[in-house]
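Line by line, the protein sequences give chains A and B.
With our numbering applied, the first sequence covers 11 to 168.
With our numbering applied, the second sequence covers 686 to 848.
Everything on this sheet refers to the single structure shown next.
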Amino acid sequence: MIPATTCPKYEESEPDMSQSPTSAITGGCQCGAVRYELSEPLHDVAHCHCSMCRKAHGSLFASFGRARRDSLALTGDENLTDYESSTGMVRRFCKGCGGQVLIMSEDAPEVFFVALGSLDAGQSPGHATGEERHIFWESKVDWYDPNDDLPKATGYGE
Amino acid sequence: MIPMTTCPKPPDTVNRMGASPENPLQGGCLCGAVRFEIGAPAFHTHHCHCSMCRKCQGALFPTFAFVNRSDFTVTQGADHLATYDSSPSLHRHFCPTCGSHIYANAEEDSDHVGFSAGTLDGGANPGPDGEFCHIFWDSRVVWYEPGDSLPKAAEFDLEKADG
């Protein structure tokens, strides 16, 4: 028997839905060793079903948003471990708790990608309406469908 | 633009017949350092929306599948695993090389293991005949909601599952 207390609702403040889109977006890993703040909203939210994201996150899909690198203020980056899951593509996670936080790609040096599960209090990434889709839909597990109305792309879609 | 080659589709060689002692389901972390197998199908699988799971794994709702502890075996890299205690009695085990969370165990329940379903090879179904649900549904992110018809529980009570 696992008591309900093993997975408590985290004592975070509830997201402030009244915040303007220009308010800072914040997040970090579970143990708090790695924290970030973004000076602008994220763009092009992608729910990725590829086998690499599934294994890296242990979930059925992993969600990312894109931002410019100069919008990122990162603290505790000495606590990050880098894993190059394919050439030039580096997944950065906390060595203390294993929380996946960021992806950097050499092919896209001006931007980076935030693992959206790391956002504080489940807040919105601030992306515009229509900037959200599933990618690598063809790699989705065959036993779960999130059954939403978002576009589904094969691969990255473009 | 990230080239498509960064996210290849896995080979479709997965056991889709359901786990058994003779034909276990295999899984592992992204880098391959840690491997495990289950010798019986999961009896309960849930998508957890609590903020601790979200931040431990960086996903909107990590998925955990439960088997009896005797049916879960780390076949490679057991000594390699790092452990993070997100609460005093809940131990989460992840690969320190690639960050994949493999399994968690609660001290209150030494009979069962919950493993990350996303780490099964080939996207295998951990337990086709088991129960599936969402838990900590009220803690889900404010901006995305899956539209599936699975039961949504406010908390987690494995005692109600058919273990």
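The C-beta atom is built at its ideal place from N, Cα and C for all residues, glycine as well.
All values derive from a computational prediction rather than experimental measurement.
Pair within 8 Å by beta-carbon distance, PRO726(B) and GLY815(B) = Against a cut-off of 8 Å, the Cβ pair of GLY815(B) and PRO726(B) comes out as a contact.
request  = Going by DSSP, name the residue or residues bridged to HIS57(A).
outcome  = In DSSP, HIS57(A) forms a bridge with SER73(A) and HIS144(A).
key: Span of the alpha helix (DSSP H) around GLN742(B)   = 736 to 742 is the extent of the alpha helix (DSSP H) around GLN742(B).
message = Measuring only the C-alpha atoms, how far is LYS162(A) from ARG143(A)?
response = So the two alpha carbons sit approximately 6 Å from each other.
ask   = Counting contacts by CB-CB distance shorter than 8 Å, is GLY743(B) in contact with chain A?
value = So yes, GLY743(B) belongs to the interface.
task = Leaving out five residues on either side along the sequence, give the residues of the same chain with a beta carbon under 8 Å from the beta carbon of HIS765(B).
result = The beta carbon of HIS765(B) is closer than 8 Å to those of ALA718, VAL719, CYS780, PRO781 and THR782 in its chain, skipping five residues each way along the sequence.
inquiry  = Using only CA atoms, which one of GLY127(A), GLY106(A) and ILE113(A) lies nearest to GLY98(A)?
reply    = GLY98(A) has its Cα closest to that of ILE113(A), out of GLY127(A), GLY106(A) and ILE113(A).
message = Check whether the region 746 to 760 of chain B and the region 36 to 45 of chain A are in contact - that is, three or more C-beta pairs closer than 8 Å.
response = Contact check between the region 746 to 760 of chain B and the region 36 to 45 of chain A: fewer than three CB pairs, one atom from each, fall below 8 Å, which does not count as touching.
ask   = Is the Cβ of ASP80(A) closer than 8 Å to any Cβ of chain B?
value = Chain B has no Cβ within less than 8 Å of the Cβ of ASP80(A).
ask   = In angstroms, rounded to a whole number, what distance separates the CA positions of ALA56(A) and VAL826(B)?
value = Those two C-alpha atoms are separated by around 15 Å.
Min CB distance PHE103(A) to chain B below 8 Å = Any Cβ of chain B closer than 8 Å to the Cβ of PHE103(A) would place that residue at the interface, and such an atom is present.
message = Below 8 Å on the Cβ atoms is my contact criterion, and I expect PHE71(A) with HIS59(A) to pass it. Report the Cβ-Cβ distance as a whole number of Å.
response = The beta carbons of PHE71(A) and HIS59(A) sit about 5 Å from each other, so the pair counts as a contact at 8 Å.
query = PRO189(A) versus chain B: which residues are under 8 Å apart at the beta carbon?
reply = What is shown of chain A runs 11 to 168, which leaves residue 189(A) out entirely.
ask   = Which term fits ASN157(A), buried or exposed, when burial requires 16 or more other beta carbons within 10 angstroms of its beta carbon?
value = Classification of ASN157(A): exposed, given that the 10 Å Cβ count is below 16.
ask   = With 16 as the cutoff for other CB atoms within 10 Å, does GLU116(A) come out buried or exposed?
value = With fewer than 16 Cβ atoms within 10 Å of its Cβ, GLU116(A) is classed as exposed.
query = Taking the alpha carbon of TRP822(B) as the point to measure from, which residue in LEU805(B), PRO836(B) and ALA744(B) has its own alpha carbon closest?
reply = Shortest Cα-Cα distance from TRP822(B) to any of LEU805(B), PRO836(B) and ALA744(B) involves PRO836(B).
request  = Apply the 10 Å Cβ neighbour rule to ASP756(B) and answer buried if 16 or more other Cβ atoms are within range, or exposed otherwise.
outcome  = Within 10 angstroms of the beta-carbon of ASP756(B) lie 16 or more other beta-carbons, which makes it buried.
query = How far does the beta strand (DSSP E) with PHE123(A) in it reach, from first residue to last?
reply = Taken as a continuous stretch (DSSP letters only), the beta strand (DSSP E) holding PHE123(A) covers 121 to 125.
task = Just confirm the distance between the C-beta atoms of PHE817(B) and THR760(B), as a whole number of angstroms; I'd bet it's less than 8 Å.
result = No, PHE817(B) and THR760(B) are not in contact; Cβ-Cβ is about 26 Å, not under 8 Å.
query = chain A partners of LEU710(B), CB-CB under 7 Å?
reply = Within chain A, no C-beta atom comes nearer than 7 Å to that of LEU710(B); the closest sits roughly 12 Å away.
key: Interface positions of the region 65 to 77 of chain A facing chain B (Cβ-Cβ less than 8 Å), listed along the chain   = Answer in chain order: LYS65, ALA66, HIS67, GLY68, SER69, LEU70, PHE71, ALA72 and SER73.
key: N- and C-terminal bounds of the beta strand (DSSP E) containing HIS137(A)   = The continuous stretches of beta strand (DSSP E) do not include HIS137(A), and DSSP gives it neither H nor E.
task = Within the same chain, show all residues whose beta-carbon is closer than 6 Å to that of GLY713(B), passing over the 5 residues directly before and after it, in chain order.
result = Non-local beta-carbon contacts of GLY713(B) in its own chain, meaning distances under 6 Å to residues more than five positions away in sequence, involve VAL719 and ARG720 in chain order.
inquiry  = So if I threshold CB-CB distances at 8 Å, which residues from the region 715 to 728 of chain B count as touching chain A?
reply    = The residues in question are LEU715 and CYS716.
query = What do you reckon, are the CB atoms on GLY642(B) and ALA125(A) nearer than 8 Å?
reply = One cannot answer for residue 642(B) here, as it falls past the ends of chain B, which runs 686 to 848.
task = Give the residues of chain B in contact with TYR46(A), contact being defined as C-beta atoms less than 9 Å apart.
result = Per Cβ cutoff of 9 Å: no residues; TYR46(A) is ~12 Å from chain B at best.
query = Measuring CA to CA, which of PRO831(B), CYS716(B), SER771(B) and ALA791(B) is closest to MET62(A)?
reply = Measuring C-alpha to C-alpha distances from MET62(A) to each of PRO831(B), CYS716(B), SER771(B) and ALA791(B) identifies CYS716(B) as the nearest.
key: Three-state secondary structure assigned by DSSP to THR804(B)   = If DSSP states are grouped into helix, strand and coil, THR804(B) belongs with the helices.
ask   = Do you know offhand how far GLU627(B)'s Cα is from SER774(B)'s?
value = Limits of chain B in this structure are 686 at one end and 848 at the other, which puts residue 627(B) out of reach.
request  = Would you list the residues sitting across from MET114(A) in a DSSP beta bridge?
outcome  = The partner list for MET114(A) (beta bridge, DSSP) reads VAL100(A).
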